[in-house]
Amino acid sequence: EVATDPRVKVWRDLAMAYGYHSSIALPLKDENGVVFGTFQVYGDKPHVFTRDEESLLERLAGDLAYGINTLRARQDRLKVQEQLLQSEEMYRSLVESINDIIYEIDIYGTITYMSPVFEKVAGYPIHEVIGMNFLSLIHADDRPWLMEYLQKSDEIKYDYIEFRGITKEGDIRWFHSKPRSIRKNGEVTGKSGVMV
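In this text, residue positions in the sequence shown follow the working numbering: the first is 613, and each later residue adds one.
Rendered as structure tokens:
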């Protein structure tokens, strides 16, 4: 009660002036149990809060804390997503300004990424090559050993490989590359590299 509780002595006169005779303050906690605020309710009479009302207000404080924590977590996720998008845009801008060809293929040899410079070098629009098998762009004589190399490149330690590619016009062009494994959770999911 405001009139007798020593914990409210500092602001008792102000509370009484506003007609607050009862007060309950409940902690708002984050997911780690750390208090980040309080939920306070005032009454205009002494002893206004019954035990049932206190229990109800405690549940309400828990719900309020949960809602605030959820909103904060959502804001944090949005902030992280925004930072990721900015990083991706920076990375893409950097990759697209490099004169070498950067590529990614999955474990089946399907092209999942090809930098725009490939279009200038080989004549294929990028939207055409995404989803194509990498080996279909390689000279027929180089396909067997290149397929074996891509499957065993973690064991075969060449500094780089050299192979013939076929341009959209059917011309032969030599490429140099050093593919590296892309790993997710310890498993090889594809290859990436730079072709010059």
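Even glycine gets a Cβ: it sits at the ideal position worked out from N, Cα and C.
Who are the near neighbours of Lys-780 in its chain, counting only those whose CB is closer than 7 angstroms to its CB and skipping five residues on each side?
Ala-734, Gly-735, Tyr-736
What does Pro-639 pair with, by DSSP beta-bridge criteria?
Thr-650
Does the segment 636-648 come within contact of the segment 672-692, defined as at least 3 CB pairs closer than 8 angstroms?
yes
Kindly provide the ranges of any beta strand (DSSP E) runs that are 3 or more residues long and lie completely inside the segment 724-789, ordered along the chain.
773-778, 784-789
Extent of the continuous beta strand (DSSP E) run through Thr-722
Run containing Thr-722: none; DSSP gives neither H nor E here.
Report the three-state DSSP secondary structure of Ile-680 (helix, strand or coil).
helix
Pick out whichever of Val-806, Asp-625, Ala-629, Ser-634 has its Cα sitting closest to the Cα of Tyr-725.
Val-806
Quick check on DSSP: helix, strand or coil for Gly-805?
strand
With distances taken between CB atoms, is the gap from Glu-774 to His-788 smaller than 7 angstroms?
yes
Helix, strand or coil at Lys-657 according to DSSP, with G and I counted as helix
coil
Return helix, strand or coil for Tyr-715, following the three-state DSSP convention.
strand
Check the DSSP bridge columns for Ile-794 and list the partner residues they point to.
Gly-802
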